[in-house]
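Single-structure report; data block below.
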Amino acid sequence: MEEAVDAMVAPAAQDAWERLSPQEQVAEVLKKVDDYDERAVAELEDVSLRGDEASLETRQAFEEALRFRRNADVLCDGIADAYAAGVVDGEDLEAAVEAVGFDTETIARREDVLEDVASVYELDFRPYGGTLVQDDGDDGTTEADAW
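In this note's numbering, the protein residues as written are 44 to 190.
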């Protein structure tokens, strides 16, 4: 989470940050993630999906939305790293999610608008994909459903 904190917290605010509980720190990071995702959506909401070729403004909006997406991802990765390292436990993580009302709907909307614009204008975009469910089969093999 150190990289995420460095990207988010000004050096002058580091002492105040350290005084926050792990739950409060995660809550603050989740608020920033949501902000980045909302800004990514806002960048592309007004882009026409009826063009033949992307205008300069469309390309710039798309690149800005991708930048917001990367920023949000760095912060989410920081939370995951903190959890994996035991800095934040499951209870703190769950409490932070509930405290800020974090919902993945904005992330889904962000991905939808990025994919829509990329598809119409043939822009370089790789939507997320991965394993949704993974478990060991009865015969010891791994079975997974992915998209």
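For each residue, glycine too, the CB sits at the ideal point set by N, CA and C. Here the structure is a predicted model, which means the values were calculated and not measured.
Is DSSP giving residue i helix, strand or coil here?
i       : result
Gly-144 : coil
Phe-168 : coil
Ser-162 : helix
Asp-124 : helix
Would you check if the distance between the CB atom of residue i and the CB atom of residue j is smaller than 7 Å?
i       : j       : result
Ala-70  : Val-117 : no
Asn-114 : Tyr-79  : yes
Glu-61  : Thr-149 : no
Cys-119 : Val-52  : no
Gln-66  : Ala-138 : yes
Met-44  : Ala-125 : yes
Ala-83  : Arg-102 : no
Could you give the distance in angstroms between the alpha-carbon of residue i and the alpha-carbon of residue j?
i       : j       : result
Glu-46  : Gly-121 : 7 Å
Ala-104 : Glu-158 : 13 Å
Glu-107 : Ala-50  : 17 Å
Asp-167 : Ala-161 : 7 Å
Val-130 : Ala-123 : 10 Å
Asp-132 : Ser-64  : 12 Å
Could you tell me how far apart the beta carbons of residue i and residue j are, in whole angstroms, since I believe they sit closer than 8 Å?
i      : j       : result
Leu-73 : Val-140 : 7 Å
* Validate contact between the stretch 146-156 and the stretch 69-87 using beta carbons, cut 8 Å, 3 pairs -> Enough Cβ pairs lie closer than 8 Å, so yes.
* Could you tell me whether the stretch 49-68 touches the stretch 90-104, where touching means 3 or more Cβ pairs closer than 8 Å? => No, the stretch 49-68 is not in contact with the stretch 90-104.
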